[in-house]
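Asker:
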Amino acid sequence: MTETPVLRVANITKTYHLGSTLIDKLSRDPNKHSSLRALDGVDLRLNKGEILALVGESGSGKSTLAKILVGSSTATSGELDYHGNPMPTHRSKDASRRIQMVFQDPYSSLNPRISVGSMLKELLLLHKIVPRGEVKKESIRLLNLVGLEEDALDAYPSQFSGGQRQRIAIARALAVRPDILIADEPVSALDVSVQATILELFAQLQRDLGLSILFVAHNLAVVQHLSQRVAVMYLGRIVEVADTAELFSNPRHPYTRALIDSIPRMAAGSVNDEFVLEGDPPSPFNVPSGCRFNPRCPYATDACREIDPALATVAPGHESACIRADELNELAAAGTKNN
Amino acid sequence: MATPLLSVSSLTIGIRRKGQPDTVIVDSLSFDIQKGERFGIVGESGSGKSLTLRAIADLLPKGVEVLSGSIRYDGAELIGMPAAQRRKLMGPEIAMIFQEPMTALNPVVRVGEQIAEGPRRYLGLSKQAAAELAIEMMAKTGIPDPARRARAYPHELSGGLRQRIMIAMALSCGPKLLLCDEPTTALDVTVQHQVLRVLEELCADSGASLAFVTHDLAVVNQTCTDLAVMYAGHIVESGRVAEVFSDPRHPYTKGLLDSAPDFDQPDRELVSIPGFPPNLAARPSGCPFAPRCQFAVEACTTAMPPTDEVAPGHFAACFESARIFEGAAA
Amino acid sequence: MTTPTAMLVAHKERRRATRTRSIKAWYRNGSLMAGMIITGLLVLVAVLAPVIAPYSPITQHLTDALQPTSPAHWLGTDKYGRDVLSRLIWGAQVDLRVGFLAVLIPFVIGSILGGIAGYFGGWLDTVLMRIVDIFFAFPFYVMVIVLVFIFGSGEFSIYIAIAAVSWVSYAKIVRGEVLIAKKQDYVVAARLGGMSHARILVRHIGPNVLSQAIIYGMSDIVMDIMAIVTLGYLGLGIAPPTAEWGSMINDGQEFITTHWQQATIPGLVVVVTSLGLSWLGDGLSDLLSPERRK
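Protein chains in written order, with this note's numbering: chain A, 56 to 394; chain B, 63 to 392; chain C, -2 to 291.
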């Protein structure tokens, strides 16, 4: 991977300070004057033309990272490069155009009082994408691109179903000709039978427009179908990154393994009963010392409670933040639990 | 076959309108749940699956009512039963678990007391005994440190713990039927996995039957023994989970299975179902799935297909089932 | 990849259904219809006052004072011999005009300030909202009376007084709505689209937050008419001899035992007007609230 990634973040942190009132500061309750580390040193690169999936459970910080990437939130510290150049904290109109977002909830992401046509027109004119005379033609092109017809132009969002709304939201993101799409759980609010069409649309946009897409998701089965690479997030850190097939066939972090084992299966014979992760994800207020996964990890040792492992290469293109990454396969096979 | 624990027949749910035809949401639904059976009801949003469950629990939203049909629990007819008598069933006989436990739990009462409330009222336990039972139930659902957690308020617990509290509360009076409305949809994958396991084990231990409403086929496969697939207020297919998944006999079931990503088959192409579910007010005549069905023929648009037994214990409501799945059945 | 025809047909059907539903909602919305009819009639009467009023509302005919109801004077005459019905009709013009205008000014000021406070937040919000709290803490009538004393009685000072008091309600309502709206993803999307804050606030948030303020405005007109009536009753309202419902009630009450209609009929008219505007507000709130549009 010598090519410059289209988007690269290094050591990104995001801290939220809570309880800023005087009474909270005086209070002895540690939850009241602590700060929340939503992101705790995230390194990630998005290569040109790929779909990179970012998976993790709620509270892992994946949505926070997505917000920082599109610029609707700013990182507390760290670097964010776009095509090898640092992205300014306050993005210009043109800079913000390059990275667009597709949201999870297609109901709150479209303004109920603005018609589809005038929504697209506003963006096309603001960024002078096409001359005024060609706005309608371009709007129709965008709608066709996402699988909708011209007659959607005069309609309001309330006249569409969830899946169609998501297509409209994608058309809006594409209107300003971005080269990166950040999709934050774009199918999790949709019905199963509709999900597939939206996933196919993302694959098609990647293929036909060469878009680089960061696909934030919690559904691993979806991720496995769509993405070329997967990054797994846990409590504000990336714990494993690899090509999709490699990650699912040869996970090198116990958390990834647990995620895979938790996926409900579709095939009759494939009900998994093997591995159950103990406990709930800990709160980002109170990150465990050492490896942040150690309290739930079946393979944790004393070293794991002390060393906070960084992401390290374990195979070509495969990184994991686990000090026992190399032993993991044998440990799983032996079923040993070192606690 | 023994008397089913729950027998729903020709259940029709809808909104009564003055001077106009009633708006029918769930249309003459029939299914049985045997003792100890784990029965999944699968469907997309608007299929009427949640309303069906709520009709059993007598929790239909205002304005929506059972228009006709019968729900028999252990032989006794629930429709038309006096409200007070029916309420007495809820808790010791039938219990319900909701999708969002935060809204189902009382925010100002400690969770231990909330669990203990049912046993005190229905089982006549003393305050002390009920509190002990509550802690025991919490331990059974896998809540670590139950004695301490019993003193917590709902907002102090994570989503997974809250859902376990709901399970503990639902099972505290030893119900014979547990109604679950998307109980794990709001949870993370690893936590969903834990909660489903707990639910399954506890039902197996106590011999309770499960009616499990969800939109997630994989969750049904993981949790249930039998299922019914609902579309636009109708059951289009029902049978043993293993059989329906491996050999679907209704084009909608087939479509659902083809459109859902399967972790074990990453390279399988996802095929979505074109279009979207019909508007409740403007329901097509004939088979409700016909407008989206690639196999639809003339007859499909005129009459509702009858429910046929396509294989022992496996039912489908499709005129063309035999033709469409000819190859699959062989 | 194009939309399958079935999907498109269903889509069109749905659109048609939405349209007919909203037209039907207009008819079925009883309170909206009733409110529109009552308010419409009142406005009509006010506009046509010069044509339909049988007599001048101010010219005194002391010889005809305190006439009972008769074919010539349907509601009799007051102590200066003025036709009560004519004064009632002309009074509609004054009261409705003052009511509407007294709402318009605080509506505009309050919406702008509330919108800015809610959207930008931070110290600006804190300062503006503390000012709102201070204004809110004063009792309405005491404040209005003080201001009328300062500016002198008359229509203009009523506008100033009511505006100074009631802008805070609009500011609060709009601020609250903006706080909700600005968290919606479509606002984030507009930011990512490179749009300025002013454009987002006016074009994207504005239309979604004003409906609550408009609905409140309807009930506020009622409040304002009540205020004018009360001020008129206290002798602080529109200067006599201009016909105005409040002063009519005030003038009529000394003859309540002998000429009951002089105070009662204007009172009833005030009640009917309030009812009409409240129904209109209720109906509008049904029609404008976004839940209905989903």
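Positions of the beta carbon are idealized from the N, C-alpha and C atoms, including for glycine.
(1) With a cut-off of 8 Å, do at least 3 Cβ pairs link the region 124 to 133 of chain C to the region 165 to 178 of chain C?
(2) When the Cα of Leu281 of chain A is compared with those of A:Leu266, A:Tyr289 and A:Leu254, which residue comes out closest?
(3) With H, G and I counted as helix, E and B as strand and the rest as coil, what does DSSP make of Asn140 of chain A?
(4) For Ala157 of chain B and Ser109 of chain B, I'd like the C-alpha separation in whole angstroms.
(5) Can the beta-carbon of Pro393 of chain B be found closer than 8 Å to that of Ala358 of chain B?
(6) Counting only beta-carbon atoms, is Ile335 of chain B nearer than 8 Å to chain A?
(7) Would you call the CB atoms of Ser72 of chain B and Gly131 of chain B closer than 8 Å?
(8) Checking the sheet assignment: what are the DSSP bridge partners for Glu139 of chain B?
(9) Along the chain, which unbroken stretches of the beta strand (DSSP E) at least 3 residues long are found entirely within the region 235 to 281 of chain C?
(10) So, is the C-beta of Leu261 of chain B closer than 8 Å to a C-beta in chain A?
(11) Residues in the same chain with beta-carbon distance under 7 Å from Trp71 of chain C, minus the five sequence neighbours each way, listed in chain order, please.
(12) What is the C-beta distance between Asp89 of chain B and His296 of chain B, in whole angstroms, given that I count them as a contact (C-beta under 8 Å)?
(13) With Leu62 of chain A and Leu101 of chain A assumed to form a contact (beta carbons below 8 Å), what rounded beta-carbon distance in angstroms separates them?
(14) Leaving out the 5 sequence neighbours to the left and right, which residues in its chain are closer than 7 Å to Gly243 of chain C when beta-carbon positions are compared?
(15) Out of curiosity, what's the CA-to-CA distance linking Val285 of chain A and Ala297 of chain A?
(16) Hey, out of B:Gln190, B:Ala290 and B:Ala294, whose CA is closest to Val303 of chain B's CA?
(17) For a quick check, are the C-beta atoms of Val281 of chain B and Pro319 of chain A less than 8 Å apart?
(18) Can you list, in chain order, the residues of its chain whose CB lies under 7 Å from that of Thr391 of chain A, leaving out five sequence neighbours each side?
(19) Which bits of chain C does Arg152 of chain A rub up against, with CB to CB less than 7 Å?
(20) Please compile the residues from chain A whose C-beta is within a distance smaller than 7 Å of the C-beta of Asp48 of chain C.
(21) Given 8 Å as the limit, is there contact between the region 262 to 281 of chain C and the region 183 to 198 of chain C, that is, 3 or more CB pairs closer than that?
(22) Taking all protein chains shown into account, decide if Thr254 of chain C is buried (16 or more other Cβ within 10 angstroms of its Cβ) or exposed.
(23) Counting only C-beta atoms, is Lys392 of chain A closer than 8 Å to chain B at any point?
(24) Under 8 Å, do Ile133 of chain B and Leu240 of chain B count as touching if we go by C-beta distance?
(25) So Ala248 of chain B and Gln161 of chain B are supposed to be a Cβ contact under 8 Å. How far apart are they, rounded?
(26) Count the CB pairs spanning the region 230 to 237 of chain B and the region 195 to 202 of chain B that are closer than 8 Å, and state whether there are at least three.
(27) So that I know if they touch, is there some Cβ in chain B lying closer than 8 Å to that of Leu383 of chain A?
(28) May I have the straight-line CA-CA distance separating Val266 of chain C from Arg168 of chain A, to the nearest angstrom?
(29) Going by C-alpha distance, which of B:His255, B:Asp243 and B:Pro346 is nearest Tyr293 of chain B?
(30) Applying the criterion that 16 or more other CB atoms from any shown protein chain within 10 Å of the CB defines a buried residue, is Gln261 of chain A buried or exposed?
(31) Just how far apart, CA to CA, sit Trp276 of chain C and Arg94 of chain C?
(32) Give me, in chain order, the residues of the same chain whose beta-carbon lies closer than 8 Å to that of Cys286 of chain B; leave out the 5 immediate sequence neighbours on both sides.
(33) If we ignore side chains and look at the alpha-carbon of each, how far apart do Val48 of chain C and Arg220 of chain A end up?
(34) Measure the beta-carbon distance from Val278 of chain A to Ala387 of chain A and round it to whole angstroms, keeping in mind my assumption that it falls under 8 Å.
(35) Can you grab the Cα-Cα spacing for the pair Pro238 of chain C / Val175 of chain C, in whole Å?
(36) What does the Cβ neighbour count give for Thr123 of chain C, buried or exposed, with the cut at 16 atoms within 10 Å?
Answerer: With the structure as the only source:
(1) Contact holds: three or more Cβ-Cβ distances are below 8 Å.
(2) On the first sequence, residue 281 of chain A is found 226 positions in, with the first residue counted as 1. For Leu281 of chain A, the nearest C-alpha among the options comes from A:Leu254.
(3) If you number the first sequence from 1, residue 140 of chain A lands on position 85. In this structure, Asn140 of chain A counts as strand in the three-state DSSP scheme.
(4) On the second sequence, residue 157 of chain B is found 95 positions in, with the first residue counted as 1. On the second sequence, residue 109 of chain B is found 47 positions in, with the first residue counted as 1. The alpha-carbon separation between Ala157 of chain B and Ser109 of chain B amounts to approximately 23 Å.
(5) The structure shown has nothing for residue 393 of chain B, since chain B only spans 63 to 392.
(6) One-based indexing of the second sequence puts residue 335 of chain B at position 273. When Cβ-Cβ separations below 8 Å define contact, Ile335 of chain B makes contact with chain A.
(7) Numbered from 1 along the second sequence, position 10 holds the residue referred to as residue 72 of chain B. Numbered from 1 along the second sequence, position 69 holds the residue referred to as residue 131 of chain B. The answer is yes: Cβ separation under 8 Å.
(8) Taking the second sequence and counting its residues from 1, the one referred to as residue 139 of chain B is at position 77. When DSSP reads this structure, Glu139 of chain B sits in a beta bridge with B:Arg134.
(9) Qualifying beta strand (DSSP E) stretches: none in this window.
(10) Residue mapping note: residue 261 of chain B aligns to position 199 of the second sequence, counting from 1. No - not a single Cβ of chain A is within 8 Å of the one on Leu261 of chain B.
(11) Walking along the third sequence from the start, residue 71 of chain C turns up at place 74. The residues are Leu82.
(12) Working through the second sequence from its first residue, we reach residue 89 of chain B at position 27. Working through the second sequence from its first residue, we reach residue 296 of chain B at position 234. The Cβ separation is near 6 Å, so the contact holds.
(13) Taking the first sequence and counting its residues from 1, one reaches residue 62 of chain A at position 7. Taking the first sequence and counting its residues from 1, one reaches residue 101 of chain A at position 46. Rounded, the Cβ-Cβ distance is 4 Å, consistent with contact.
(14) Here the question's residue 243 of chain C lines up with position 246 in the third sequence. Only Ile225, Val226, Thr227, Leu228, Gly229, Tyr230 and Gly234 meet the Cβ criterion.
(15) In the first sequence, the residue the question calls residue 285 of chain A occupies position 230. In the first sequence, the residue the question calls residue 297 of chain A occupies position 242. Pairing Val285 of chain A with Ala297 of chain A, the inter-Cα distance amounts to about 6 Å.
(16) Residue 303 of chain B sits at position 241 when you count from the first residue of the second sequence. With distances taken between Cα atoms, Val303 of chain B lies closest to B:Ala290.
(17) Here residue 281 of chain B is taken as the residue at index 219 of the second sequence, counted from 1. Here residue 319 of chain A is taken as the residue at index 264 of the first sequence, counted from 1. Yes. Within cutoff.
(18) Walking along the first sequence from the start, residue 391 of chain A turns up at place 336. A caution first: Thr391 of chain A carries a pLDDT of 45, below 50, which makes its placement in the model unreliable, though a value can still be read off. Nothing listed; no residue qualifies.
(19) For the purposes of this step, residue 152 of chain A is taken as the residue at position 97 of the first sequence. For Arg152 of chain A, the chain C residues whose Cβ falls inside 7 Å of its Cβ are Gly191, in order along the chain.
(20) Mapped onto the third sequence, residue 48 of chain C falls at position 51. According to the sequence shown, residue 48 of chain C is Val rather than Asp. Ordered by position in chain A, no residue passes the 7 Å Cβ test against Val48 of chain C, which lies about 40 Å from the chain.
(21) They do not touch, by the three-pair rule.
(22) Within the third sequence, the letter at position 257 stands for residue 254 of chain C. That one is exposed.
(23) Residue numbering aside, residue 392 of chain A sits at position 337 when the first sequence is read from its first letter. Reliability of the predicted coordinates at Lys392 of chain A is poor, the pLDDT of 45 falling under 50, and the value obtained from them is presented with this limitation in mind. Contacts with chain B at 8 Å (Cβ-Cβ) do not include Lys392 of chain A.
(24) Working through the second sequence from its first residue, we reach residue 133 of chain B at position 71. Working through the second sequence from its first residue, we reach residue 240 of chain B at position 178. No.
(25) The count along the second sequence starts at 1 and reaches residue 248 of chain B at position 186. The count along the second sequence starts at 1 and reaches residue 161 of chain B at position 99. Confirmed, Cβ separation roughly 6 Å.
(26) Because the criterion of three Cβ pairs below 8 Å is met, the region 230 to 237 of chain B and the region 195 to 202 of chain B touch.
(27) In the first sequence, counting from the first residue as 1, residue 383 of chain A sits at position 328. In terms of beta-carbon proximity, Leu383 of chain A stays away from the interface with chain B, with every pair separated by 8 Å or more.
(28) As a position in the third sequence, residue 266 of chain C is number 269, starting the count at 1. As a position in the first sequence, residue 168 of chain A is number 113, starting the count at 1. So the two alpha carbons sit approximately 38 Å from each other.
(29) Mapped onto the second sequence, residue 293 of chain B falls at position 231. Distances from the alpha-carbon of Tyr293 of chain B to those of B:His255, B:Asp243 and B:Pro346 put B:Pro346 closest.
(30) Here residue 261 of chain A refers to the residue found at position 206 when the first sequence is read from its first residue. Burial call: buried.
(31) The residue labelled residue 276 of chain C in the question sits at position 279 within the third sequence. The residue labelled residue 94 of chain C in the question sits at position 97 within the third sequence. Computed Cα separation, rounded: 19 Å.
(32) As a first step, residue 286 of chain B must be located in the second sequence, where it is residue number 224. These residues qualify, in order along the chain: Arg100, Phe101, Gly102, Leu272, Phe274 and Val303.
(33) For the purposes of this step, residue 48 of chain C is taken as residue 51 along the third sequence, with counting starting at 1. For the purposes of this step, residue 220 of chain A is taken as residue 165 along the first sequence, with counting starting at 1. Rounded to the nearest angstrom, the two C-alpha atoms are 55 Å apart.
(34) Position 223 of the first sequence, counting from 1, holds the residue named residue 278 of chain A. Position 332 of the first sequence, counting from 1, holds the residue named residue 387 of chain A. The Cβ separation is near 21 Å, so there is no contact.
(35) Within the third sequence, residue 238 of chain C is the residue found at index 241, counting from 1. Within the third sequence, residue 175 of chain C is the residue found at index 178, counting from 1. Computed Cα separation, rounded: 45 Å.
(36) On the third sequence, residue 123 of chain C is found 126 positions in, with the first residue counted as 1. Thr123 of chain C comes out exposed.
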